[in-house]
Each structure stands twice: as structure tokens, then as C-alpha cells.
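Line order of the protein sequences matches chains C and U. FYI, the numbering for the first sequence is 1 to 628, going by my numbering. FYI, the numbering for the second sequence is 1001 to 1074, going by my numbering. C-beta atoms are modelled at their ideal positions from N, C-alpha and C, and glycine is treated no differently. Keep in mind it's a predicted model, so treat the numbers as computed, not measured.
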Amino acid sequence: MITTINKHKNHLTAMAFILIIIGFLSGLAGNGGIKNIALVAATLIAGMPIVIKAYQALRMKAFSIELLVTIAVIGALSIQEYTESSVVTFLFLFGDYLEARTLAKTRSSLKELIDMAPQEATVLRNGESHTIPVDEVVEGDHVMIRPGGKIPVDGKIITGQASIMEAAVTGEAIPVSKKIDDQVFSGTIVDNGLIEMIAEKVGDDTTFAKIIELVEEAQDTKSKTEKFLNKFSNIYTPAVAVLSILVYLFTKDLHIAITFLVIACPGALVIGAPVSNVAGIGNGARHGVLVKGGEVMDTFAKVDTFVFDKTGTLTKGKPEVTDIKTFHNRDENELLRLVAQAETISEHHLGQTIVKEAKKRKLTITNEHVDGEVIKGNGIRAIVDGHVLIIGNRMLLNNEQIPLSEKAASYASEREMLGNTAIFAAVDGEIAGIFSVADQIREDAQLALSEMRKNGIKKIIMLTGDNRHTAKLVANQLGLDEYYAELLPENKVEYVKKLKEKGHVVAMAGDGINDAPAIATADIGLAMGEGGTDVSMETADIVLMADKLMQLSHAYSLSKATIRNMKQNTYFAVGIVFILLLGVLNGTVHLASGMFIHEASVLLVILNGMRLIKFNHMNKNSTQRPTI
Amino acid sequence: MSKAVFQLEPLTCPSCINKIETTLNKTTGVQSAKVLFNAGKVKAEYDETQVKGMQLEEIITKLGYPVQSAKISE
């Protein structure tokens, strides 16, 4: 019975509406009898779901707005105000219907994400391909994905290459190309190309599933404002009931007392703050920014000091060969080929950078075994094509007694001043060339930082474990306020602590793993990193899924917009309740019109919250216009 | 300890949260129950020797919230 009534709530609302129209028409035609019958019928029909809800809540010892409405309607019926009783019940249900519709819209960002979840997968088992539901894929399965297909699980490509749309995970609209051994994520789409992958994470363990879970949890993590409002309404609702009795005792007017009872309900107040949060967090998720709840939004909006790690955060974290200088008219590519071949024995990231550069230039690097040794902290010694190669820093050249010409030495220090690491290469006991390797500043760093300054960041500080030269260079190029170099992870924590003690609200952005302690110490910790690692998703308050600083700027202005939106809603709701109460007490607002204004105010705060779904910091002038 | 996640129809009234949470938390064997209002989900942790996931589903349905799908790991 109860479920059927709930299922047909919309039909009941429509029936009540028709009955009210009939009632009014017959009233106009002068038939008072039919009018009353129609209106009472409308009240009863629309009243059923309300009474049921009120009863269910009461059984759980919870006060609800439905209970207040039920009392008011019974009161209105008893003083034979059938017009009021029918209009109030109808408006209440109709408002509920509209709320459900608009609330669904504010939740649409998350729903769009969930809809991106893959449904089925094509796996190869015993040499045959099967199409199975995605839940049945197990670790180690070989999965085939065709162009246009969704990648069902997380894993590694084992054959083929493809360009992949990773919007579901990173929020980035531009496809990225992936090849053998590259990591691919569930929920992303193969734009073109055919790949076979091996499943590494399935089911709830995939990055995509974790994002969904995080966002779901975040949307329900209440901010301080919300917690306060919830407590407030728990006291407020019974208080209104008591107050209305007092009003009745003073005025001896049941009508005013009932009106007071219904419209004092804090509907817009209770829904106003959560609606802004849900829309704001949803917007972030769609742009590859995971904000862990309303509390985080609140604090992030107050941040005035931003601390960055250098490598991997302000810079790309992927060193590149920026220059090769050769001596004695050696061919640049030939020297690079020799050095790169020798460096295949090295695990050092600088060595790997040189190998990568050689591959980029399509030089032939073989997988053959190279005779040689690694001299820890200095470089390598190896024999390639019958040449003896010494590759490394100044100290290594000294130790090997290789003379360094004046010209070469000054060139090297010049490069170092520009922020490069100089790597010396000697062939058969003679200096042959100098490789400059540098980590480049992200292209979007300058723009992102200046945007954040515009939005209210007062101080931008860089903390790095790197050497002073490089740190100074990056700090000058980006116009940072302060920088501290040659720090260990624990030093970074101390700096963040000091800043907090000085009264700054500090956000720290780093790459998640070695910066985790500092990230955890800051008021707001942001982790950057493609796809997001498990560690960063757990320790950080905000996770940036694509490796883009512009997302960070978006997150900051989004948090400000969300908090502003929440404040608008709260002030508006309080104002409306206040005006209504005054209106009731001086007799200008009646039950039906009061109910109408009440429902309209609830819808307005939801609509205001919905503006956040489309919020984009790039064109905020057009989106931040208040609707109220 | 077992975990269950129930997907409900979209929730509209914040008072539904209290209703479902208090009822489930009073049920013997349930360690914790949490309603995700915006996701329309109920997450429960419980001792499977005292209560089964199916029973929890029944309780939620009886409260007036039909369960659309359930993910139970016992």
C-alpha cells in the first residue's frame, strides 16, 4: 500500500491539481457544495504521501517537515479552510517533485562519470575471445580493445598502440598516445588503434572505481556550515512547533498559528549548503579535480599561501637533453649514439634521459650487452664499438685524468648557470662533448600561478631538494616570492609548519609520494600526477588527475565560487524565512501563498547551486552573475 | 566482517538518511551503516554470522526505499 502510494506520487499530485481546478471552477459557477467536495478530495489525495512520510519519520522519533504540514492541514480542515488545505498539500508535493528533478541535475556530473563506466570486456581465454561482463574479468586476463571501445580494467598494453581519450580519469579532452608497456585505465576510450592489454586491477580496485567512490563519499562529507545547519534544524523544527502554540495562545487565531507552523520550516536553509557542495564537487570531478568534501572546499577557499614542490610539480619532472656540444668536429648524432649505447648499462635517470633522446632521434641503440661499469654518483666507464667511453661529472674526469680545456670548462659552467646539469663525455681519453640535461618548467605554470594570484593567493613559495642554481632559475622565471633549495622531505614539513604558525592558511602541492609528509601537514594538500597513485589519493585533500597546473587554478577558483554560492544560499534562505514570519505575524502572508513562497525559495537555492555545474574559471564573468 | 552496498532510487529528503541509518544501526550484527545521500547508496558493515546482507536489503525495502541493486561481499 505504502509503496504503491509512493510510486504514484506524481499521479496523485496531478489528480489533486485537477480536483483543485474543478473546485475553483465550480466555486466560480456558484456551486459551493461541489467546490468543497473537490477541494477536500484534493487535500486527502495529495495528503496521503505526506501523512505516510510523517508517520514513518515519527516512528523513528525524527521530526520532519511532513509532520508540521500534516498538523497544519488537519488544522486547516478543522476550521474548514478547504482551499488552503488543498493548495498547501498540492504545493508541497509539487515542490517535492520539482526538487527531485532539479536535485537530479545537480548530481548529474557524478552520474555522467558513472555512465562512463565500462560494461563489458572482450577477453582471450584458451586462445578464444569471449565477451563477458566487466565484473567477471580477473587479474591476469588478456583483454582486447578495438577502436571506439572502452578499456574495461586497469593494466598494461602488451601488443599494439593506440591514441586514448582519458577524459574519464584525467578530465583532459585531448587523446594521448600509448604503446607497449604503457599503463591504461578503466573507463578511458580507445580513439583509434587496436590494443591487447593484461589486466592488473579489476572491479573496485581500478582507478576509475576509486574516483567514483571518492567523489560519492566527498559529496556527502559535510562541511562545518552544513553540520551547523543540521544541528540548527534539529533544534529549530521542534522550536517552531512550540512557538506556533505560543502564537496561538497569544492571538487565539488558529489560522495564523498554522500558517506560522508551515512556513517557518527551514527547507531552503537545510538544502542550500549541500546543494552548492554537490554541484561544486561534481564540477571538479568532471574537470579531473577530486575535492574530498565540503570541509576541504571551505578551507581551500581560505588559502592565502601556496607552497610548491619543484620537480614534477612546477617542472615537468621529466628531464630532457637541451643541448649537445661537441669538440674536435665530432658528429653530434654519432657521439649521442655512442654515449646512449654506453648508458644502457646505467639505471641513473640522467643516463636514461640520454638514451631516450637517442631513441627520439631514431638512432640505432641495440640491446646487446655493453662491457662497462657504473661508478656510483659519478658516471660510467664503458667500451662501445671498440672505443673507451668515460661519461659523467667533473669529478669523474679528474679521477680518470682526462684534461678539460679552458673552453669546455667555461662552456659547462655557463650551461650550469642556466639551470642545466652538464654531463661530460670522453672518447678514448679525450673530451668529446658536453650534454646539457634540464627539467623544463611546465608550459602552463606561468598562467596558472598568475591566475591564482589574481584570485587571492598572496604568497607563492617553492621548496625543493634540488640545487640552488636550478631552484633560483625556476623561482626567477616564475616570479615566485620565496624559494628554499636543497631540502630533505622533513625540512619541507618544517617550512610548512612554520608558515602555519605564522597564521597563514597553507596549501601544499607536490607529486604525492616523496612529498606526502608535507602534503599531510599543510591545511590543504594537493597531489599531482597522471592517473593519481593510490598514495596520493589517500593522503591528499585534493587530487589533480591530469598533470596540469591549470587544473589547480581551476580548483582554487571553483572552491571560492562554491563557498560564495553556499553563502548566497544561506543568506537568502534565512532572509526568506524571516520575511515570511513577519508577513504571517502582520497578516499579509496566508497559508497557501506562504507555502508557495517557501517552495519557490527551495527551488531557487537549488537553481543557484546548479550554476556551479557549468562553472569554468576561464569565463567566470558570465557564470558568476548571481541569480538572486 | 562483511560489507554490503545497496543502490537505492534517488533520495530527495535529508530526513531519509536518519531513518535508514538509525534503523540499520539498531539491527543486531550491524557494525556501521552509512547513507550516501547524493549517490543514493547505503553502505553497511556487519557480522555475517548474526545477520545476512539479504536481510538488510529487506529492512531497507520495508522502510519504503526499494533496493535497485546490491553488492554483497560475505
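Taking a Cβ-Cβ threshold of 8 Å, the residues of chain U close to C:Q56 are K1019, L1063, G1064, in chain order. Within the same chain, A1033, V1035, V1042, I1060, L1063, Y1065 come within 8 Å of U:I1020 by CB-CB distance, once the 5 residues on both sides are set aside. Residues are counted here when their Cβ sits less than 9 Å from a Cβ of chain C; for the region 1022-1040 of chain U these are T1022, T1023, K1034, V1035, L1036, F1037, N1038, A1039, G1040, given in chain order. In the three-state scheme derived from DSSP, where H, G and I count as helix and E and B as strand, C:D96 is classed as helix. Our two residues, C:G503 and C:K548, have alpha carbons roughly 29 Å apart in a direct line.
As a beta-bridge residue in DSSP terms, C:M165 pairs with C:I189. Note that the C-beta distance between C:A507 and C:F300 is below 8 Å. C:Q341 is classed as buried because its beta carbon has at least 16 other beta carbons within 10 Å across all chains shown. The secondary-structure analysis by DSSP pairs C:H387 across a beta bridge with C:V384. Interface with chain U (8 Å Cβ-Cβ cutoff): C:Q219 is included.
Under the Cβ criterion of 8 Å, C:V278 is counted among the residues facing chain U. Near chain U, meaning a CB-to-CB distance below 8 Å, the residues of the region 197-216 of chain C are E216. Contact between the region 438-445 of chain C and the region 307-315 of chain C is present: 3 or more CB-CB pairs across the two stretches fall below 8 Å. Here DSSP, grouped into helix, strand and coil, assigns C:L404 to coil. Ranked by Cα distance from C:H598, the options C:I579, C:N616, C:G284 are led by C:I579. Excluding five sequence positions before and after C:Q551, the CB atoms of its chain that fall closer than 6 Å to its own CB belong to G288, V289, L544, given in chain order.
By the Cβ neighbour-count rule, C:K614 is exposed, with fewer than 16 other Cβ atoms within 10 Å of its own.
C:I71 is not bridged by DSSP to any residue. By the criterion of a C-beta distance shorter than 6 Å, C:D515 is surrounded in its chain by D309, once the five residues flanking it on both sides are discounted. In the structure shown, C:V123 adopts extended strand secondary structure according to DSSP, grouped into three states.
In terms of beta-carbon proximity, C:A540 stays away from the interface with chain U, with every pair separated by 8 Å or more.
By the C-beta criterion, the region 251-265 of chain C is judged not to be in contact with the region 404-419 of chain C, since fewer than 3 inter-stretch pairs fall below 8 Å.
The straight-line gap separating the alpha-carbon atoms of U:K1026 and U:E1045 is approximately 13 Å. Per DSSP, C:Y55 is one residue of the alpha helix (DSSP H) stretching across 32-59.
Residue pairing for C:P517: DSSP places it in no beta bridge. Taking C:G193 as reference, the option from C:G282, C:K178, C:E200 with the minimal CA-CA separation is C:K178. Contact annotation: in the region 162-195 of chain C, no residue has its CB less than 9 Å from a CB in chain U.
Under the Cβ criterion (8 Å, minimum of three pairs), the region 327-337 of chain C does not count as touching the region 554-561 of chain C. Residue state for C:G155 is assigned as strand, using DSSP reduced to three classes. Separation of the CB atoms of C:M197 and C:K150 is rounded to 12 Å, and the pair is thereby denied contact status at 8 Å.
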